[in-house]
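Below you'll find the structure, written out as structure tokens, and then a few comments.
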Amino acid sequence: MKVLHILGYDEIKFNLPLVQMLSNEDLGWKDEFYFATNNLNLYETIKEYKNTIFFEIGISSYINQIWKEYDLIVIQGWNQTVARASVLRKKAAKKIVWRFWGSDCFPYEESASIKSKIAGKLLFPVLCRKISNFYGIGYGSITDVKLINKRFHIRKGLKGYPLSFRYEKGTGEQYRKIYEESLKEIKRPLRVMIGHSANERENHILTLERLRKFSDKELEIVLVLSYGKDNYRKKVIEKAREIFKDKVDVITEMMPIDQYRKFLSQVDIFTIESMGSNALGNVEDLIYFGKKIYVRKNSFLDDYLNEISVDHFLVEDIEEMTFKNFSDKNYDKVKNHNIFLSKEDDKVAVKGHKELYAEYRRNIG
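If you're matching positions, the sequence shown starts at 17 in this note's numbering and goes up one per residue.
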């Protein structure tokens, strides 16, 4: 079976591990994989692997050109505009699994263009019908599937498939060791991590203002701003240092993934103001490591954590909290940790992909 993965974003840190995993013949894949992107920088990074393709048009237009050549098309992140996405051919749509990313559902609603908003409203019903014809939804969290079905008014509901990006031999053992190490009590200031990138949707400055009243306490603000917009990054750093002076630890360079996991294990509290699923992978790792999580009320992350019964807290409540309330470990760390024990399984990502491809092969005969 020929499977085309369209890499919709230039996120090398996700797409490269995906290509590496699906190109690893030792993992026993039964299908032939192809990888296409319209991002030149990403293409230059992955072109050493077999079956890589560069295209210069939009994703929907590209799919309309090539859909007959492949049995299954997996879109890895699709920041669609309604006008472009609504032109997908119905027969092509039936071959698509949309691997949903956190920012996929934002674009046209936030457009400053009145013309774009009007076009979006007129064409949105067409887009809903096209998406309802998809084969399924790939997800990082099962809540992604509910979000898509609700957002695009899909009555029957598309089926979801867990599609992770990364396979690393020994990852499970690495997680276990880092977790065990993190259980040791170390006397140091409370480390509070705000967001995970220089993305305006994470509203760092709002969080910094909520925490201002704790500026004289023994804490350290942790800002991971290694990717995102430069201007926004600068504003966040300036505001953090204005309020917390030298109690700010700023990360602006990408870390190797094993080093980053250890870094996360040394955080005490994580806060994020985004309404979307930004930082989902970080949040899951932090929960596995037993950390205290604050999210926006009724946000994607709030819904997700409620659904899987993770003890967590709301950023809106910080304004009424004392420092003791804010920092207390008044939640079930062990229960939270156990919810994400799958992180100790090296091949969880491989299994998710294999289950999708095996089912699709059965269905197409």
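Backbone N, C-alpha and C fix where the C-beta goes; we use that ideal spot for every residue, glycine too.
- Counting only runs of 4 or more residues that sit fully inside the segment 281-357, the alpha helix (DSSP H) segments are 296-304, 316-323, 339-343, 349-355, in chain order.
- Burial check for N341: the Cβ neighbour count within 10 Å stays below 16, so the residue is exposed.
- Straight-line spacing of the CA atoms in Y243 and R257 works out to 19 Å.
- Bridge partners of Y50 according to DSSP: L20.
- DSSP places V113 in the uninterrupted beta strand (DSSP E) bounded by 112-115.
- For I147, the number of other beta carbons within 10 angstroms of its own is at least 16, and it is reported as buried.
- Beta-carbon to beta-carbon, F71 and Y78 are separated by about 5 Å, close enough to satisfy the 8 Å threshold.
- When DSSP states are grouped into helix, strand and coil, D361 belongs to the coil group.
- For L139, the three-state secondary structure derived from DSSP is helix.
- For the options D265, E236, G156, V326, the alpha carbon positioned closest to that of G297 is the one of G156.
- In the structure shown, F181 falls within a coil segment according to DSSP collapsed to helix, strand and coil.
- Nearest in C-alpha terms to T187, of all of L206, D274, V240, D160, is D274.
- Look at D265 here: in three-state DSSP terms it is strand.
- Annotation for E360: G188, Y191, R192 place their beta carbon closer than 7 Å to its own, counting only its chain and skipping 5 residues before and after.
- In the pairwise beta carbon analysis, the segment 211-227 is classified as not touching the segment 171-181: fewer than three pairs are separated by under 8 Å.
- When secondary structure is reduced to three states using DSSP, E64 falls in the coil class, being assigned neither helix nor strand.
- With contacts defined as CB atoms closer than 8 Å, V311 and I334 fail to qualify as a contacting pair.
- The residue among G24, I73, E269 with its C-alpha nearest the C-alpha of D246 is E269.
- Between the beta-carbon of M37 and that of V364 there is about 11 Å, and that puts the pair past the 8 Å contact cut.
- Here L224 carries a helix assignment [DSSP, helix/strand/coil].
- Between the segment 101-119 and the segment 38-47, the count of Cβ pairs shorter than 8 Å is below three; the stretches do not touch.
- Boundaries of the alpha helix (DSSP H) harbouring L34: 28-38, taken from the DSSP string.
- In the three-state reduction of the DSSP assignment, L206 falls in the strand class, which pools E and B.
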